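In terms of our numbering, the numbers along the sequence shown are unbroken and rise by one, the last being 1702.
Note that CB positions come from ideal geometry on N, CA and C, so glycine has one too.
In this text, all values refer to a predicted model and were calculated from it rather than measured experimentally.
In what follows, a structure is listed as structure tokens, so that the remarks can point back to it.
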Amino acid sequence: MKIENSLSAPQHPDAPSQAGLQFTVATEEDFDEIMAMSQHIYGGLDYLPTRYTAWMQETNRTVVLARKQGKVIALESVCVIDDGETMLVEGLRVAPQERGKGVAGELLRFCSQLTKAKYPEVKVTRLTRDDQLGPKDFQKYRLVTKQGILLVRFRAEDLKLRLAQLGPDGNELSPTTTTTTSPPPPPAPPVHLDSAAIHRLYLTTELLWEVLPNVTIVQDWQPFKLLPSNMDILLKKDIDWVVDNVDAPTVASLCTFPFRVPIGEDWYYLNIDMFGKDLPLVRQQYLGHLRRHTATLKGHVMCQMFLDPPLWKPMVEFCRQVLQVELVKEYTEQCVVEADVV
Ligand SMILES: CC(C)(COP(=O)(O)OP(=O)(O)OC[C@H]1O[C@@H](n2cnc3c(N)ncnc32)[C@H](O)[C@@H]1OP(=O)(O)O)[C@@H](O)C(=O)NCCC(=O)NCCS
């Protein structure tokens, strides 16, 4: 079988791959084969089916496939960001029957060499992981930042009804819950940012430096430094940008628009990146994003919020007791790690 877009390692063009792998650049036509290899990945919550076509259009991205006897057995995507200094590794996966044989390691090393040859100014490789990192990983990687992952599940129609019973700060609106003392005034409503306000807050002032984890925007698993070139990438995406106060923000959030996942016909993923440590403000922005999207969604929603780790527990209580949604998994972490490209 002749393989189009065949690639060789730049430093060792003739060196045979240890595991007899061939590397090719992925194209639109590879979609079905990649999906076949990716079945059941992330428990049916794979984002790649909805992102693949867009990935093919991105000029700063290369999707590399590893093949064995012509058959796709692994994939990795590399996206160059941070003014060309960072290669962001995403989408890594190896076909189930090929795992544990060093394929991922070989593909990672190949992509690193390939990217270094194409973009000599690349200095570091970054990736975001949610598996348990051990001492061996930390010999290879430095931790850039981490967020807790709160994953809940609900039917959009049910949560919409529940939200109608709650005020903007999550208190019951029911007239039967009368109190003798007047409740504290609700915080001012969150502000949706337009692109001019996003530029001002994120690029031309230092107002968010203390709010963002390690001064990094982690949007739907992708870590970005505060640079105009990254903002150009982010502003092309469907995201709601919210802060509590444009002059002195304490909590900022990015809600990526819901997208379908392969687990079932009417299943969606809704990802909210939450930055800041103030629990009432976090709750308020979370509710705002949920209201906006449950207004139009129909079906099952897996909602993932990435947040400051100490807020995970109180937010779980809020989700269970007030929102009455189901917690899908116990505490896990989203870790952004990096290593120098040598
Ligand atoms: C994780 C997965 C890609 C590992 O594939 P594998 O071929 O069995 O892994 P290997 O045998 O090459 O051994 C692990 C190597 O990959 C690296 N690795 C393992 N998990 C990794 C991850 N999530 N991200 C980056 N590197 C990872 C290890 O550090 C090791 O590198 P080394 O060769 O430099 O020591 C594979 O199990 C898989 O496809 N899992 C399902 C999808 C998934 O969880 N992807 C991770 C997305 S963050």
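As DSSP reads the structure, Met1662 sits in a beta bridge with Arg1513, Tyr1629. Apart from sequence neighbours up to five positions away, the residues of its chain that approach Asn1574 with a beta-carbon distance below 7 Å are Val1504, Thr1505, ordered along the chain. Annotation: the region 1365-1447 contains the following complete segments of the alpha helix (DSSP H) (minimum length 4 residues), in chain order: 1391-1397, 1408-1417. Pro1456 and Leu1519 have their C-alpha atoms roughly 36 Å apart.
Only buried fits Ala1426, as 16 or more other CB atoms lie within 10 angstroms of its CB.
Inclusion of Gly1648 and Asp1668 in the CB contact set at 8 Å is not warranted, their separation being larger than that value. Between ligand 1 and Val1575, a heavy atom-to-CB distance of less than 7 Å is absent. With a cut-off of 8 Å on Cβ pairs, the region 1577-1594 is not in contact with the region 1638-1646, counting fewer than three such pairs. In the structure shown, the three-state DSSP call for Gly1508 is strand. The region 1508-1518 makes contact with the region 1660-1667; the number of CB pairs closer than 8 Å reaches 3 or more.
The region 1470-1483 and the region 1618-1625 do not touch, with fewer than 3 CB-CB distances between them shorter than 8 Å.
Between the alpha carbons of Leu1405 and Trp1627 lies a gap of roughly 9 Å.
With respect to the 8 Å criterion, Gly1508 and Tyr1691 are classified as neighbours on the basis of their beta carbons. For the options Gly1403, Asp1392, Ser1366, Met1395, the alpha carbon positioned closest to that of Val1688 is the one of Gly1403. Asp1497 sits in a helix when the DSSP states are folded into three classes. By the Cβ rule, the region 1608-1616 counts as touching the region 1562-1572, because three or more pairs are nearer than 8 Å.
Secondary structure of Gly1648 (DSSP, three-state): helix. Per DSSP, reduced to three states, the secondary structure at Val1606 is coil, with no helix or strand assignment. Within the DSSP secondary-structure output, Leu1526 pairs in a beta bridge with Glu1532. Take Glu1445, set aside five residues on each side of it, and the residues of its chain with a beta-carbon closer than 8 Å to its own are Glu1481, Val1482, Lys1483, Val1484, in chain order. Using a Cβ distance threshold of 8 Å, Val1685 and Arg1486 do not count as a contacting pair. Within 10 angstroms of the beta-carbon of Thr1656 lie fewer than 16 other beta-carbons, which makes it exposed. Of the candidates Glu1388, Asn1605, Leu1474, Asp1392, Asn1605 places its Cα closest to the Cα of Asp1638. Residues of the same chain with a CB within less than 6 Å of the CB of Ile1433, apart from the 5 flanking positions on each side, are Ala1426, Ala1455, Glu1458 in chain order. At least one heavy atom of ligand 1 lies closer than 7 Å to the C-beta of Ala1464. In this structure, the C-beta of Lys1461 approaches ligand 1 to less than 7 Å from one of its heavy atoms. Bridge pairing for Leu1595: absent [DSSP]. For Thr1485, the enclosing beta strand (DSSP E) starts and ends at 1484-1489. In terms of side-chain proximity, the C-beta atom of Val1504 is found no nearer than 7 Å to any non-hydrogen atom of ligand 1. Here Glu1436 really is in contact with Cys1471; their C-beta atoms are around 5 Å apart, less than 8 Å. DSSP places Pro1583 in the strand class (E or B) of the three-state scheme.
Secondary structure note for Phe1470: its alpha helix (DSSP H) is the uninterrupted segment 1463-1478. Residue pairing for Ala1548: DSSP places it in no beta bridge. For Ser1589, the secondary structure class from DSSP, reduced to helix, strand or coil, is helix. For Glu1677, the enclosing alpha helix (DSSP H) covers residues 1672-1677.
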